[in-house]
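**Q** So in the numbering used here, the last spot in the sequence shown is 131, and the numbers never skip. This is the structure I want to talk about, given as structure tokens.
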Amino acid sequence: MALRLAVASAAASIFGSSAAAQASGKRIVRLSKVKVGASHKFQLANGASALLFRTKAGVFAYQTICTHRGGEVEYFAASKLMVCPVHNASFDPLASGKVVKGPDGSAAATIRSLPSVKVKVSGAWIVLS
Ligand code: FES
3 MALRLAVASA AASIFGSSAA AQASGKRIVR LSKVKVGASH KFQLANGASA LLFRTKAGVF
63 AYQTICTHRG GEVEYFAASK LMVCPVHNAS FDPLASGKVV KGPDGSAAAT IRSLPSVKVK
123 VSGAWIVLS
């Protein structure tokens, strides 16, 4: 019971306060370190992992905690999808983190998109915005 409450509390703090937990303007990585077409893993102030992408269109990022049950989502460049290893849900980072496939083959509508993290280019840096 205590473990369940601790997990629920951690998930609520990660899913529910992403904007509040981020310090606007905080430097993530030098722009020159992330080539166009590449990604960069980083950590938010609340301890949640996030993944940043740089494309010709700009930079964008998502928390990498699966919206199903909190698995750590990984990016696979070959398929251009973010996949959770726990129940194989997949998300499209090039389409606002939308669900492509739900857990264990269920419908995409059974879970939410990956939470986005607002980032921007500021001079020579990619920063939280
Ligand atoms: S925890 Fe990610 S698909 Fe179930």
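The beta-carbon is built from N, C-alpha and C at its ideal position, and this holds for glycine as well. Keep in mind the model is a prediction, meaning the values are calculated, not measured.
At a threshold of 7 Å, does residue 88 count as lining the ligand FES (C-beta to nearest heavy atom)?
**A** By one-based count along the sequence shown, residue 88 stands at place 86. Yes, the Cβ of residue 88 comes within 7 Å of a heavy atom of the ligand FES.
**Q** Using a Cβ-based criterion (distance less than 7 Å to any ligand heavy atom), does residue 47 qualify as near the ligand FES?
**A** The residue you call residue 47 lines up with position 45 of the sequence shown. Residue 47 Cβ: outside cutoff for every heavy atom of the ligand FES.
**Q** Inspect the beta-carbon positions of residue 179 and residue 55 and report whether they are closer than 8 Å.
**A** Because the chain is modelled from 3 through 131, residue 179 falls outside the range shown and cannot be assessed.
**Q** Give me the Cα-Cα distance between residue 42 and residue 30, rounded to the nearest whole angstrom.
**A** Looking up residue 42 in the sequence shown gives position 40. Looking up residue 30 in the sequence shown gives position 28. Rounded to the nearest angstrom, the two C-alpha atoms are 9 Å apart.
**Q** Look up residue 46 in the DSSP assignment and say whether it is helix, strand or coil.
**A** Counted from its first residue, the sequence shown places residue 46 at position 44. If DSSP states are grouped into helix, strand and coil, residue 46 belongs with coil.
**Q** Determine the DSSP secondary structure at residue 82, reduced to helix, strand or coil.
**A** Here residue 82 is taken as the residue at index 80 of the sequence shown, counted from 1. Coil, per DSSP.
**Q** Could you check the C-alpha separation between residue 92 and residue 125 for me, to the nearest Å?
**A** Here residue 92 refers to the residue found at position 90 of the sequence shown. Here residue 125 refers to the residue found at position 123 of the sequence shown. So the two alpha carbons sit approximately 33 Å from each other.
**Q** Would residue 76 and residue 85 qualify as a contact pair, given that the criterion is a beta-carbon distance under 8 Å?
**A** Here residue 76 corresponds to residue number 74 of the sequence shown, with the count starting at 1. Here residue 85 corresponds to residue number 83 of the sequence shown, with the count starting at 1. Yes, they are a contact pair.
**Q** Mind reading off the beta-carbon distance from residue 131 to residue 26? Whole number of angstroms is fine, and I expect it under 8 Å.
**A** Here residue 131 is taken as the residue at index 129 of the sequence shown, counted from 1. Here residue 26 is taken as the residue at index 24 of the sequence shown, counted from 1. Indeed, because the Cβ distance is near 6 Å, the residues count as touching under 8 Å.
**Q** Which of helix, strand or coil does DSSP assign to residue 111?
**A** Against the sequence shown, residue 111 aligns to sequence position 109. Helix at residue 111.
**Q** Report the three-state DSSP secondary structure of residue 96 (helix, strand or coil).
**A** By 1-based counting over the sequence shown, the position of residue 96 is 94. Three-state DSSP puts residue 96 in a helix.
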